[in-house]
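Notes to accompany the following structure.
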Amino acid sequence: MLIEAKKTLSSVILTTEELAKELSIPCLVVSNPELSLVEVLNVLYPPYVPSGKISSTASIHPTAKLGFGVTVGEFVVVGENSVIGANTYLEDGVKISRNVIIGENSRIGLNSSVQHGVVIGNRFICSGNCSIGGDGFKFVTVNGKHHKIPQVGGVKIGDDVEIGSLCTIDRGGLEDTTIGDGCKFDNMVHVAHNCVLGKNIIIAGQSGVAGSTIVEDDVIIGGACAVADHLHVPAGTILAGGTSLRNSPKKKEIFVGWDYGLTFPEFQKVRVNIHNLVNFQRWAKRIKELEKYAGIKVEEKE
652 MLIEAKKTLS
662 SVILTTEELA
672 KELSIPCLVV
682 SNPELSLVEV
692 LNVLYPPYVP
702 SGKISSTASI
712 HPTAKLGFGV
722 TVGEFVVVGE
732 NSVIGANTYL
742 EDGVKISRNV
752 IIGENSRIGL
762 NSSVQHGVVI
772 GNRFICSGNC
782 SIGGDGFKFV
792 TVNGKHHKIP
802 QVGGVKIGDD
812 VEIGSLCTID
822 RGGLEDTTIG
832 DGCKFDNMVH
842 VAHNCVLGKN
852 IIIAGQSGVA
862 GSTIVEDDVI
872 IGGACAVADH
882 LHVPAGTILA
892 GGTSLRNSPK
902 KKEIFVGWDY
912 GLTFPEFQKV
922 RVNIHNLVNF
932 QRWAKRIKEL
942 EKYAGIKVEE
952 KE
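When we follow this note's numbering, the leftmost residue of the sequence shown carries the number 652, and every step to the right adds one.
Next up, the structure:
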């Protein structure tokens, strides 16, 4: 990092006091450069401020309630008895069903849908083409025929939650699917019915949490992870990218691997054995050469 900073053509660098001592160009000295960068970018590139206008193409039910400063884009639908908090922005093509509550200063992205009975907190950010509150996946099979079990629960999302594009959060079967305050989801994340997610959970892209799983606070789930159903994931657990978690961990760990949720130390041992298997034929050839050199005759079976 220091080498790159010394090569930069920038007029000023946002950095720590320690690195600033090594540089000859002007520096803005801060304790946390990444956090300070957020403030700098918000000044240089101010976030879009919604107009507070309602498009003439929008369809808003007479019983719906819109707070002060709500912006409604083209072809938006807001269903009966739904409540939209102050300064919230419903982008073009958004569909809000009946009896939905969305908090203040939120944004629902292009073409996203929020189904009936969903409750969303304040400062919620949803990117485009998301589905919140669709039916969970639950069937009972009798005589080879699959019978759909009605999903009569809802979805409850806390404050300061952000989800990326193409995310799906299914409604609960009998109880609500819940997402705690401060959770952040990447694109294409799926949370199945009846899941209970705590606070400040991070889930990277293309990961899924199967039905009725409880994920405690501050868990980090890497990309392309699969978390099985009816598990209990302790607070602070980390799943590295591509991990398949099939059993409930007894305590927080860093899990790595595609099979049975290996801890990181366990995965390191497995990786050594896999390396050995890859080289097995080369070793077998060397053993045969040693046997020949030593005059050992071994009967080979087909």
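For every residue, glycine included, the Cβ atom is placed at its ideal position computed from N, Cα and C.
Return the residue from the list the options that minimises the CA-CA distance to residue i.
| i | options | result |
| --- | --- | --- |
| Val803 | Gln766, Thr914, Ala715, Glu673 | Gln766 |
| Ser687 | Pro697, Thr864, Gly703, Thr666 | Thr666 |
| Lys835 | Gly703, Gly893, Gly873 | Gly873 |
| Ile676 | Lys704, Ile753, Ala656, Pro885 | Ala656 |
| Ser899 | Asp880, Phe915, Glu917, Val949 | Asp880 |
| Leu817 | Ser778, Asp832, Gly785, Leu825 | Ser778 |
| Gly892 | Arg749, Ile853, Lys903 | Ile853 |
| Ser895 | Val907, Lys901, Lys902 | Val907 |
With burial defined as no fewer than 16 other Cβ atoms inside 10 Å of the residue's Cβ, what is the status of residue i: buried or exposed?
| i | result |
| --- | --- |
| Arg822 | buried |
| Ser598 | Any question about residue 598 goes unanswered here, given that the chain covers just 652 to 953. |
| Ala935 | exposed |
| Ile940 | Before going on, a small fix: residue 940 reads as Glu here, not Ile. Glu940 comes out exposed. |
| Val689 | exposed |
| His844 | buried |
| Val691 | exposed |
| His798 | exposed |
| Ala877 | buried |
| Asn738 | buried |
| Tyr696 | exposed |
Please state whether DSSP places residue i in a helix, a strand or coil.
| i | result |
| --- | --- |
| Tyr944 | helix |
| Leu817 | coil |
| Arg758 | strand |
| Val727 | coil |
| Leu896 | strand |
| Phe788 | coil |
| Ala671 | helix |
| Lys939 | helix |
| Phe906 | strand |
| Phe775 | coil |
| Ala656 | helix |
| Ile852 | coil |
| Lys704 | coil |
| Lys901 | coil |
| Val972 | The structure shown does not extend to residue 972, since the chain spans only 652 to 953, so no value can be given for it. |
| Ser662 | coil |
| Ser687 | helix |
| Leu825 | coil |
Would residue i pass as a contact of residue j if the rule is Cβ separation under 8 Å?
| i | j | result |
| --- | --- | --- |
| Asp827 | Gly809 | no |
| Lys954 | Val770 | An answer regarding residue 954 cannot be provided, because it is not within the stretch 652 to 953 covered by the chain. |
| Ala886 | Val870 | yes |
| Gly724 | Ser707 | no |
| Ser764 | Lys789 | no |
| Ile905 | His883 | no |
| Ile759 | Glu731 | no |
| Gly736 | Asn773 | yes |
| Lys850 | Asp837 | no |
| Gly754 | Phe775 | yes |
| Leu717 | Gly744 | no |
| Ser702 | Ala715 | no |
| Val598 | Leu848 | A query on residue 598 cannot be resolved here, the shown segment of the chain reaching from 652 to 953 and no further. |
| Ser782 | Thr829 | no |
| Gly831 | Gly787 | no |
| Ile954 | Leu674 | Missing from the structure shown is residue 954; the chain here goes from 652 to 953 and no further. |
Report yes or no: is there a C-beta of chain D within less than 8 Å of the C-beta of residue i?
| i | result |
| --- | --- |
| Val870 | Looking for chain D here will not work: only one protein chain is present. |
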